[in-house]
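In my numbering, the protein residues as written are 10 to 620.
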Amino acid sequence: MKPNDLTPFQALRRSLGMVAQAAPIELRNLALLNLVVGTGPSITLFLSKLVIDEVSRLSQTGAIADPIALLQAEPTLLWIVLATVVLNLVVDSIDSISTTLFAALRDRVQGYTQGKVLDKVAHFDDIALFEMPELLNLLELTEKGLQRIQRLSFIVAATLMGVFIFIPSVSVSVSIAWWVPLVLLVASIPSIYVEMRYHKKSWRVEETQAGVTREMNIYAKVLTGDVYAKEVRLFSLQSVLLDRWQGLFNTMFSTMERVRREGALAVMLWALVGGFGTAFPYVYVVWGVLQGTFTLGDLALYTGIILQVRRSLYILIANTGDIYDVALATSPIFQLLDLEPQLCTGLEAIAPTASVSPANRGIQLQDLSFSYPGGDRAILQEINLTIRPGEMLALVGENGAGKTTLAKLLCRLYDPTEGSIYWNEQDLRSLKLEELRSRIAVVMQDYTRFPATLRENVGWGYLPDLQNDRALHTVLKDAGIYSIVADLNQGLETPLGKQLENGIDLSGGQWQRLAIARALIRLSEVELLVFDEPTAALDPKNEHEIYDIFREIAKGRMTVVVSHRLALAKIADRILVLEHGRIVEQGNHEELMAQGDRYHTMFTRQASSYL
């Protein structure tokens, strides 16, 4: 699973397309606004030239005793003055609303782009996206890209402004001499090149420092997150964590600052060259006035026009660099949007469109091996196993034996590296993923504490019953946590999680019982139950209560239980002992105890701790 490479041009083309899709109305309005605001100054300068020339001509006859009568006698001059005043008023009034349009454009682009990214991440079928450093770095760079693509909306607007200033001002500057716009443009080319080169080097630094940035964010989360707050203070870890964050920041900042200094120096030197290119046409016009080639109106017009050309080139040059910077930074967005989960690339000959039939023949694992993406070590090796209908299977073994990984494969969070998994003799990769997962209920050891109401924390396990109070109360009773509902003022509508307003927190055991209730509520659809350390946060008394629940809900269903607590394994129909990714023993509790091998050793050692 490797992101596709994109050229800056490809990323820019797609970024502009996304901006156009996100805010077509705002872009149209900004284009019209910038057309008026951009061309207005050049037209005003031309009208000012006419006024100056006309006033100069009339003033040569002597002092004007009655200017009003003169304006009435010279309607052309009057209309030019009125047109100049009205145009200035229009430009100023339109320009004042640009902030509102910019804000609307920015918000539209942000919402549209972030929505696309969130949709992609939320519907990414396997979980490699959250477990591979390379893809985690891609997510980090995507966050930066989302910030930059917001800037693109401003850059597009500013570029339009530069174009609308450039075209009329160049058209007028040609009347000075045909070579004037060429001199201004050629003098600006080195600055454009240097800007682009600087932005490329800056982005390369950000790209290579993505891992550092992600690590900084991890330490920042540890310092500010409620999950870590107690232990950070009890163990006085503030200074250690702050020093690590500061060290990472200094590393990233010093690298970026070095690139910034080099870029600033180069841009400054080439800006001087551009300044000389602007000065030459200006001196040429002044010299023409002194020689009588140009009028005073021409001097005012051409001076202003040269400054307008320079301003437009400055805008275009600056935006060229910014556009290149955005193109580099938004590449990760489209790399993420183009990324395909490994689940889609299983058997090329199998299209994942088959419906899931009832698993009346069980689940078969044939020659299954698995390595995590990017890893070179096999977590599971040559697993051959059949889970029979209605059978409870316990997976036991030391940490790292591959128990949880096997549970993930059964839930199709990953596909096997080698071999296959069959559901009622249908390859898992041929089945509709959403339909398959609707037949599975899971409680993982790293269960989720949703910042939502009690109703949602349970009902999200089976959305059709979200508003079914009776079903919710039933599973809360089955999970042994119904008593907390009676103690809550808002009942099922109580917000859970201190980050929510008026939210309350639960104990670890209560949260785990909620996770169990969330799995129980979908039992009407479920054929496979997967419990990964389902009693890890429970005390021995409550643990035995959950065992009784498991016995009931497992009847008639395939059940896979991953547990370090071997008392839970005793109630299983069959126990698999995993070691280094292989099945080394299997049988029921009595059979494995009679063998006196690994399971016997583990159970005896664990049982002795309770004596």
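Think of the CB as a built atom: it goes at the ideal place given N, C-alpha and C, for glycine as much as any other residue.
Residue interval of the beta strand (DSSP E) (run including residue i)
i    : result
N146 : No beta strand (DSSP E) contains N146, which is instead part of the alpha helix (DSSP H) from P142 to S182.
T413 : Looking at the DSSP string, T413 is not in any beta strand (DSSP E); the run it does join, the alpha helix (DSSP H), is K412 to L419.
R591 : R591 to G596
Y431 : E427 to W432
L585 : R583 to E588
Proximity test, residue i beta-carbon vs the ligand HEM heavy atom, cut-off 7 Å
i   : result
P84 : Among the components modelled here there is no ligand, and therefore nothing to report on the ligand HEM.
Cα-Cα separation, residue i to residue j
i    : j    : result
D582 : R23  : 56 Å
L138 : L144 : 6 Å
G256 : K125 : 34 Å
I176 : E224 : 48 Å
G26  : G49  : 29 Å
E542 : G596 : 20 Å
G524 : S107 : Note on identity: in this sequence residue 524 is Ala, with Gly being the wrong assignment. Roughly 51 Å between the two C-alpha positions.
K129 : L56  : 55 Å
T568 : L532 : 12 Å
R438 : D424 : 8 Å
I530 : D487 : 10 Å
Q4   : D116 : Lying before the first or after the last residue shown, residue 4 is absent from the chain, which here runs from 10 to 620.
Q123 : A461 : 22 Å
F18  : T264 : 26 Å
E434 : A578 : 27 Å
R479 : G468 : 11 Å
A410 : L404 : 10 Å
L415 : A450 : 15 Å
L501 : L346 : 37 Å
R242 : V231 : 11 Å
E407 : F612 : 12 Å
F133 : M261 : 31 Å
I388 : T222 : 30 Å
S321 : V195 : 14 Å
Own chain residues within Cβ distance below 7 Å of residue i, not counting five before or after
i    : result
A167 : I324 and N328
L110 : E35, N38, L39 and L42
Q159 : R115, V118 and Q119
Backbone secondary structure at residue i - three-state DSSP
i    : result
A403 : strand
P350 : coil
L110 : helix
Y491 : coil
S24  : helix
R386 : coil
F18  : helix
I379 : Before going on, a small fix: residue 379 reads as Phe here, not Ile. The answer is strand: DSSP assigns F379 an E or B state.
S57  : helix
L127 : helix
T568 : strand
I580 : coil
P12  : coil
Nonlocal neighbours in the same chain, by C-beta distance under 6 Å from residue i, ignoring five residues either side
i    : result
I342 : T151 and G154
V189 : S182 and P290
R386 : none
I396 : G371, I372, L402 and M567
Y121 : A31
D331 : I164
G313 : L54
I430 : L374 and L437
I136 : L422
Y228 : L250, R253 and W254
H598 : K579
E554 : G489
Alpha helix (DSSP H) segment containing residue i, residue limits
i    : result
L442 : L442 to S447
N393 : Per DSSP, N393 belongs to no alpha helix (DSSP H); it is in the beta strand (DSSP E), L389 to I396.
E542 : Premise fails: E542 is in no alpha helix (DSSP H) and is neither H nor E.
F612 : R607 to S617
M225 : A219 to T233
V467 : L463 to G468
Residue i and residue j closer than 8 Å at C-beta
i    : j    : result
I562 : R522 : no
L394 : L374 : yes
Y311 : V335 : no
T623 : L96  : A question about residue 623 goes unanswered here, because the residues of the chain that appear run from 10 up to 620.
L575 : Q615 : yes
L585 : L402 : yes
L485 : A528 : no
R464 : L537 : no
W520 : Y456 : yes
Same chain only: Cβ atoms within 8 Å of residue i, ignoring 5 sequence neighbours per side
i    : result
Q390 : S378, H589, G590 and R591
A309 : L54, S57, K58 and I61
A113 : A32 and E35
Test: residue i CB closer than 8 Å to a CB of chain D
i    : result
F111 : Among the chains of the structure shown, chain D does not appear; only one protein chain is present.
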